[in-house]
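What follows is a single structure, written as structure tokens, with notes after it.
Number of protein chains: 2
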Amino acid sequence: MNAIERAGKELSRLPGIGPKTALRLVYHLLKADPARIAQLTGALTDLADRVRPCERCGNYSDSDLCDVCSNPRRDHTTVCVVEEAYEVGAIERTGQYPGVYHVLGGKLSPLDGVGPESLRIAGLRTRVAEEGVREVILATNASMEGEATAVYLESILRNVQSLRVTRLARGIPVGSDLEYVDGTTIAEALLGRREM
Amino acid sequence: MNAIERAGKELSRLPGIGPKTALRLVYHLLKADPARIAQLTGALTDLADRVRPCERCGNYSDSDLCDVCSNPRRDHTTVCVVEEAYEVGAIERTGQYPGVYHVLGGKLSPLDGVGPESLRIAGLRTRVAEEGVREVILATNASMEGEATAVYLESILRNVQSLRVTRLARGIPVGSDLEYVDGTTIAEALLGRREM
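Protein chains in written order, with our numbering: chain A, 92 to 287; chain B, 92 to 287.
Here it is as structure tokens:
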């Protein structure tokens with residue numbers, strides 16, 4: 092395999108990049124300023140060398156504690172539990188969440204061999220026990236497995252004294268036509284209806 | 092900018108990869124085996140260090156002469172002229188072309204400041220003059236600029252003694268319905284019709 096084929100093969104192992112797209116990227120890089128490849132490989136090497144999970148919440152970070160955990164102005168008594176680190180960004184971008192996070196690193200999925208011990212659940216229990224947490228918001232996905240993970244977490248946190256365990260609201264997405272929203276979602280939105 | 096943002100920014104400079112896709116790739120790499128990033132950066136560094144244009148035809152290669160130019164079983168009297176190196180692969184994959192190539196490195200595009208001197212045209216003239224070339228197949232794209240480039244090349248090669256200058260046939264793509272083929276293509280296919 093020559094250098095072009097090898098670079099194409101490595102790029103095509105990335106999600107959403109097929110062999111043809113990978114080759115197109117390789118030829119793009121070959122035609123671009125050679126410094127571009129050095130910048131790209133430098134950034135990726137830094138990624139491998141410097142980024143690791145935050146010791147407290149599991150979010151990716153350049154340092155031992157992530158930007159959120161090390162920020163004294165965040166509300167450390169409210170912990171939002173997400174499946175994956177990239178979901179932290181989705182919530183951060185709303186600018187509406189003052190609390191901190193806990194990244195599970197996946198969801199319960201017995202068929203794939205992912206049980207509670209494969210996720211960052213022991214760490215969540217420790218934080219709840221030791222950090223004066225008053226509310227845990229379960230923000231796992233609205234999929235079957237995300238739902239099952241939320242139910243499991245609720246069951247192990249249920250008996251912690253003076254801890255609220257909440258779940259993100261279900262309802263009609265902003266901008267949606269009722270006509271195109273599935274029945275289960277409409278039913279959930281009816282159940283969760285609020286005074287105007 | 093932290094390491095994650097920088098890797099995302101570098102990846103999003105690749106064609107067809109927006110900021111969201113780039114971040115998805117970054118998180119994919121972070122979650123994958125760390126050796127994956129090393130393999131990817133190794134392959135890209137090799138690409139930058141080892142791959143350069145073939146001295147004769149301009150195709151990318153690991154060595155001074157590319158695999159095609161250094162192959163004595165290829166027909167070195169027939170030269171297929173393409174705009175970009177990746178188009179060599181498209182023709183090679185047909186397995187139907189015994190000749191060699193010449194990569195222009197672009198197409199004439201006066202509005203973008205690309206004149207004949209920006210392309211590998213002097214090298215083509217030298218090859219035709221010195222290598223006993225008997226046929227030049229103009230395989231520039233069927234776009235306006237590709238067509239203009241072919242017309243220009245024909246004009247400078249027209250007076251070379253005993254040299255055939257040909258152009259890839261225009262016609263109905265295999266598998267197409269006439270209904271969906273544009274009129275210009277049908278007209279070209281009529282002009283270029285062949286005995287069955």
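No residue lacks a Cβ here, since even glycine has one placed at the ideal position from N, Cα and C.
- prompt: Taking Cβ-Cβ distances shorter than 7 angstroms, what residues in chain A pair up with tyrosine 271 of chain B?
  reply: Going along chain A, no residue has its Cβ under 7 angstroms from tyrosine 271 of chain B, so there is no contact; the nearest lies around 23 angstroms.
task: Return the bridge partner residues of glycine 190 of chain A from the DSSP annotation.
output: A:Asp166
- request: Would you mind reading off the limits of the beta strand (DSSP E) that contains isoleucine 228 of chain A?
  value: 226 to 229
query: So is glutamate 178 of chain A buried or exposed if we call it buried at 16+ other beta carbons inside 10 Å?
result: buried
message: Can you tell me whether arginine 143 of chain B is helix, strand or coil according to DSSP?
response: strand
- prompt: Using the beta-carbon count (16 or more within 10 Å), is isoleucine 263 of chain B buried or exposed?
  reply: Classification of isoleucine 263 of chain B: exposed, given that the 10 Å Cβ count is below 16.
- prompt: Along the chain, where does the beta strand (DSSP E) that runs through arginine 258 of chain B open and close?
  reply: Looking at the DSSP string, the run of the beta strand (DSSP E) that includes arginine 258 of chain B is 255 to 258.
query: Under 7 angstroms Cβ-Cβ, which residues of chain A neighbour tyrosine 151 of chain B?
result: Per Cβ cutoff of 7 angstroms: Ile95, Leu121.
Supposed contact pair glycine 283 of chain B and alanine 260 of chain B - C-beta distance, whole angstroms, cut 8 angstroms: 6 angstroms
- request: My understanding is that alanine 176 of chain B touches tyrosine 118 of chain A, with C-beta atoms under 8 angstroms, so please give their C-beta distance in whole angstroms.
  value: 6 angstroms
- prompt: Going by DSSP, what residues sit across from valine 205 of chain B in a beta bridge?
  reply: B:Ser200.
message: So for serine 154 of chain A, helix, strand or coil by DSSP?
response: coil
query: Which two residues bound the contiguous alpha helix (DSSP H) that contains methionine 235 of chain A?
result: Its alpha helix (DSSP H) spans residues 235 to 248.
- request: Helix, strand or coil for valine 159 of chain A, going by three-state DSSP, please let me know.
  value: DSSP places valine 159 of chain A in the coil class of the three-state scheme, outside both helix and strand.
task: Taking only beta-carbon positions, decide if isoleucine 128 of chain B is within less than 8 angstroms of chain A.
output: yes
- prompt: Quick one, which residues of the stretch 97 to 113 of chain B are near chain A if we go by CB-CB under 9 angstroms, in chain order?
  reply: The stretch 97 to 113 of chain B vs chain A, Cβ under 9 angstroms: Arg97, Ala98, Gly99, Lys100, Glu101, Leu102, Arg104, Leu105, Pro106, Gly107, Ile108, Thr112.
message: Could you check whether the stretch 166 to 176 of chain B touches the stretch 225 to 242 of chain B, counting it as contact only if at least three pairs of C-beta atoms, one from each stretch, sit closer than 8 angstroms?
response: yes
query: If you count every other CB in all the chains shown that lies within 10 Å of the CB of alanine 94 of chain A, and 16 or more means buried, which is it?
result: buried
task: Using a Cβ cut-off of 8 angstroms, pull out every chain A residue sitting near aspartate 137 of chain B, in sequence order please.
output: Ala94, Arg97, Ala98
query: Pick from B:Cys145, B:Glu270, B:Gly223: whose alpha carbon is nearest that of aspartate 166 of chain B?
result: B:Gly223
message: For a contact defined as C-beta to C-beta under 8 angstroms, what are the partners of arginine 141 of chain A on chain B?
response: Per Cβ cutoff of 8 angstroms: Ala94.
task: At 8 angstroms on the CB atoms, spell out the chain B contacts of arginine 115 of chain A, in chain order.
output: Pro106, Gly107, Tyr177
query: With a CB to CB cut of under 7 angstroms and the five nearest residues on each side skipped, what residues in its chain are close to isoleucine 128 of chain B?
result: Leu120
task: Say whether chain A places a C-beta atom closer than 8 angstroms to the C-beta of alanine 134 of chain B.
output: yes
- request: Measure from the alpha carbon of valine 142 of chain B to the alpha carbon of each residue in B:Leu131, B:Gln130, B:Leu156, then state which is nearest.
  value: B:Leu156
- prompt: CA-CA distance, aspartate 203 of chain B and alanine 233 of chain A?
  reply: So the two alpha carbons sit approximately 50 angstroms from each other.
query: Nearest CA to the CA of proline 163 of chain B: which residue from B:Gly190, B:Ala181, B:Ala123, B:Lys122?
result: B:Gly190
- request: For the stretch 228 to 251 of chain A, enumerate the residues whose C-beta is nearer than 9 angstroms to any C-beta of chain B, in chain order.
  value: none
message: Using only CA atoms, which one of B:Ile182, B:Asp268, B:Met92, B:Leu199 lies nearest to valine 242 of chain B?
response: B:Leu199
- prompt: Count the other CB atoms within 10 Å of the CB of valine 194 of chain B; is the residue buried (16 or more) or exposed (fewer)?
  reply: By the Cβ neighbour-count rule, valine 194 of chain B is buried, with 16 or more other Cβ atoms within 10 Å of its own.
task: Return the CA-CA distance between asparagine 250 of chain B and glycine 206 of chain B, expressed in angstroms with no decimal places.
output: 21 angstroms
- request: Within the same chain, show all residues whose beta-carbon is closer than 8 angstroms to that of isoleucine 277 of chain A, passing over the 5 residues directly before and after it, in chain order.
  value: Closer than 8 angstroms at the Cβ level, and outside the excluded window around isoleucine 277 of chain A, lie Ile263, Leu269.
Beta-ladder partner(s) of valine 172 of chain B, from DSSP: B:His193, B:Leu229, per the DSSP bridge assignment.
- request: For leucine 259 of chain A, return the contacting residues in chain B, with the cut-off set at a CB-CB distance below 9 angstroms.
  value: Chain B residues near leucine 259 of chain A: none, gap ~21 angstroms exceeds 9 angstroms.
task: Starting from tyrosine 118 of chain B, find everything on chain A with Cβ-Cβ shorter than 8 angstroms and list it in chain order.
output: Tyr151, Glu175, Ala176, Tyr177
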